[in-house]
Amino acid sequence: MTALHSVSSRLLLFLAIAGTIAVYRAGLFGGFLFDDHQNIVENAALQSVDGSVFQWIVAALSSNSGMLMRPISMLSFAVNYYISGLDPLSFKATNLAIHVATGLAIYALGIQLIPRLLRQVAAPATTRAIALVAASIWMLHPLHVSNVLYVVQRMNQLSTLFALLGLLCYSVGRWQTLRTGSGLATSLCGLTAFGILSLFSKENGALTFAYALVIECLCFGFSASTQGQQRILKLFFIFTLAVPGAAAAISLAVAPDWLLGGYSVREFTLYERLLTQPRILAHYLLWIAVPLPSWMGIYHDDIATSTGLFSPPATALALAGLAGVATLVWRLRHRSPGLAFGAAWFLVGHAMESTILPLELVFEHRNYLPSAGLLIGATAAIWGFTERIPNARLAGCCVAIVALAAGTATRAHSWGEPYRLAMTMAAHHPESARSLYDAGRAIYSRRTTYDDPERATEQATQLFQHAMRINQHYVHPAVSNVLINYKTDEAPADVVTDLARRLRESPMLHATSVLLLINGITDGRTLVSPEGVRAIFEAAMDNDTTTTAMRAMLLSAYGRYHYLVLRDIQNAVALTMAAAEQDPRSPIAQLNLAKLAIELNEIGIATAAVKRASELDTASVHRDEIRRILERVGAE
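This note's numbering applies: residue 772 is where the sequence shown begins, and numbers increase by one.
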């Protein structure tokens, strides 16, 4: 018995969990980041939870992410807020707990699958040892840092955890079916129940049934006690995979715009995405095998899009490699089932987010679940290959786990402070426009700590302008460049013209930065000529991706500018009323109209608008502001 077998598996599992908590500890004290603000910090519905069932339901349905609104994930955020408020430590600690629970699920699933992935019969202690190594590598892998410390990625975490629990139910039930002839119903019901929870945490939970098919094909081979059970298994996968797949294919053939329309807000086409993804998958595999922290980051917009088979040349090589991996799965399914299983699991795991859907090209968090089965299969295969050198195998496992822990600790340390994270990302990805923009913002936000604050402004400006040169459509650095550099002198015409061009041509314009700029100009924090403000407003309104809600917000902001800066009451009223008409279901537009009406002493209009806002605010998100305005109207 090897040294690894001789130590209690429970003790080693405890040490792996303790090590995971230890390496992540430094990162728990960072703040909210990026999409955390939209989904949590600025989510009024989430923060309106008062214990009533209705408010819990409203919070659960408060996300605009995904087709299904991800209610399970949003409900978990609401619970965090209800218990500890907007304390990022509480949210991140919950993520870490989910990560550890997911690692335990991988360990349990590995124990079920590894006996079917080894070429020879293995003792239970061997199975536990292999499962422990795979789970430990997964828990301590640096690639998963963003899943744990980027709070909003709990959506991905919960989807992964529920999927694994469903697959664990399936595997346990399939073993029971083979041994006793019973358990198939429990297997399929458990898989379905947890699959639904996974799906309502994040949409890629739909792949739970595809993972189950990989397990069935490569571990159980549709073996059963009776032909009736075999038919049930096949019918189950027909109804959960083939039927939905056929329905999606027919929908795409009949109405392709639902897919192709999504590419109107991307800087690449469907063809370019399909060419690029094999290269991205190669990057993912490299990051899993050689997880250098310097290769990782939140943004990977420095990876070029493939525009042809040989542009860049690695495109054709990656396509050939992908075909080779698919062939390998088939050829090795009997000789090395572990490798075949790991490769098949990985490819299935990327079938949704790395194929035809108009999503961003690269995100590390997409490997959270795909890497789990890959590591189970690869660890089982390597264990078999190194059967004759157990001491070297043990040493290799120890070195790998220590190296992974060190890499994760390094990344977690960066994540523990927003400024440190931004500067690390920019250093590791100097050609990433997004990373440079975040670094510029981080430097400018700390300018008061500099001996020479102007030096901080210069450094931030250099980073913003570098980001603007890299991406000619990137709006955020152009807006920030205006905001920080033209507080006392009016922004030059060429600067405003470039900004307006970016606003008009941006493939996916968000209103936040434009509103920040217009409000900054209105409040006197930034100087832009009236002609420049008009050009900025019109460019944003001309962008085809500007949504109805965004147009209403822009109209309101521009109306406020007319009222407070230009003192043009007629146009201020017209713009504010146009905002309410543009988005008649928005309580915010009605509240803006009410506030302007109060300023103009039009109490009747104000009263009607605030009452309309109250009717529209079915979730009571704006109840405090509505109450304040009603009090003002009554006082008037």
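Built from N, CA and C at the ideal position, the CB exists for glycine as well. Since the structure is predicted, the reported quantities are computational estimates derived from the model, not experimental observations.
- Message: According to DSSP, simplified to helix, strand and coil, what is Gly1295?
- Response: coil
Query raised in the report: Which runs of the alpha helix (DSSP H) spanning at least 4 residues fall entirely within the segment 1053–1118, listed in chain order?
Result: 1085–1102
Among Ser834, Arg1398 and Glu1373, the one whose alpha carbon lies nearest that of Ser1385 = Arg1398
- Out of curiosity, what's the CA-to-CA distance linking Tyr853 and Ala831? 13 Å
Point to revise | Where His1200 falls: helix, strand or coil (DSSP) | key: coil
Practice item. May I ask you to report which of helix, strand or coil DSSP gives Ser1277? Key: coil
Nearest-angstrom beta carbon gap, Leu867 and Val919 [assumed within contact, 8 Å]: 6 Å
**Message:** Excluding the 5 residues flanking Ser844 on each side, which residues of the same chain have their C-beta closer than 7 Å to its C-beta?
**Reply:** Arg925, Met926, Leu929, Ser972 and Lys973
Handout entry: Element boundaries [alpha helix (DSSP H), containing Val943]
Key = Unbroken alpha helix (DSSP H) run through Val943: Arg925 to Thr951.
Option nearest Arg1331 by Cα separation, candidates Gly1291, Ile986 and Phe825:
Gly1291
Start and end residues, alpha helix (DSSP H) containing Asp1028:
Asp1028 to Leu1031
Whole angstroms is fine: what's the gap from Val1344's alpha carbon to Cys960's?
59 Å
> Grouping DSSP H, G and I as helix and E and B as strand, with all else coil, what is Thr1318?
Replying inline: In this structure, Thr1318 counts as coil in the three-state DSSP scheme.
Item checked: Contacting residues, own chain, Cβ-Cβ under 7 Å from Leu860 (five flanking each side not counted) -> Leu799 and Phe800
Validate contact between the segment 1074–1083 and the segment 1039–1046 using beta carbons, cut 8 Å, 3 pairs: yes
Gly1092 and Ala1053 closer than 8 Å at C-beta = yes
Self-check item: Environment of Ala1271 [buried if 16+ CB atoms lie within 10 Å]
Solution: buried
Consult DSSP for Arg1331 and reduce its assignment to one of helix, strand or coil.
-> Shown here, Arg1331 sits in a helix according to DSSP, grouped into three states.
- Kindly indicate the opening and closing residues of the alpha helix (DSSP H) around Met1312. Pro1301 to Asp1313
**Request:** Return the CA-CA distance between Gly1327 and Leu1063, expressed in angstroms with no decimal places.
**Result:** The question names Gly, yet the displayed sequence has Ser at residue 1327. The straight-line gap from Cα to Cα measures roughly 48 Å.
* Which value, in whole angstroms, describes the spacing of the CA atoms of Met772 and Leu1140? -> Note that Met772 scores a pLDDT of 41, beneath 50, so its modelled location is shaky and nothing firm can be said.
Margin query: Helix, strand or coil, according to DSSP, for Met772 in the structure here?
Written below: Annotation note: pLDDT 41 at Met772 (below 50); position unreliable, coordinate value reported separately. Coil.
Segment contact flag, the segment 899–912 with the segment 1158–1178, C-beta cutoff 8 Å, min 3 pairs: yes
### Task
Please go through the same chain and pick out, in chain order, the residues whose beta-carbon is closer than 8 Å to the beta-carbon of Met1348, but skip the five residues on each side of it.
Excluding sequence neighbours, Met1348 sits near Leu1364.
- Message: Going by beta-carbon coordinates alone, are Ser1185 and Leu1192 separated by less than 8 Å?
- Response: yes
- Item | Pairwise C-alpha distance: Ala1320 and Val1250 | 21 Å
query = Are there three or more Cβ pairs, one per stretch, closer than 8 Å when the segment 994–1001 is compared with the segment 939–958?
reply = yes
Taking Leu1274 as the reference, which of Leu1288, Gln1000, Val1246 and Ala1264 has the closest Cα? Val1246
- Task: Assuming Tyr982 and Ala934 form a contact by the criterion Cβ under 8 Å, report the distance between their Cβ atoms to the nearest whole angstrom.
- Result: Right, the Cβ-Cβ distance comes to about 7 Å (below 8 Å), so this counts as a contact.
Helix, strand or coil at Val1392 according to DSSP, with G and I counted as helix | coil
Verify whether the separation of the beta carbon atoms of Tyr1329 and Met1196 is less than 8 Å. no
Quiz item: Regarding Ala934 and the ligand NAP, is the C-beta to nearest heavy atom distance less than 7 Å?
Solution: This structure lacks the ligand NAP, and indeed carries no ligand of any kind.
Check your understanding: What do you reckon, are the CB atoms on Arg1050 and Ser1077 nearer than 8 Å?
Key -> yes
Could you compute how far the alpha carbon of Trp946 sits from the alpha carbon of Leu903? 20 Å
Report, in whole angstroms, the separation of the C-beta atoms of Gly1155 and Gly1109, which I expect to be a contact under 8 Å.
Indeed they touch by this definition, with Cβ atoms about 7 Å apart.
Practice task
Check whether the Cβ atoms of Leu962 and Gly1120 lie closer than 8 Å to each other.
Solution key: no
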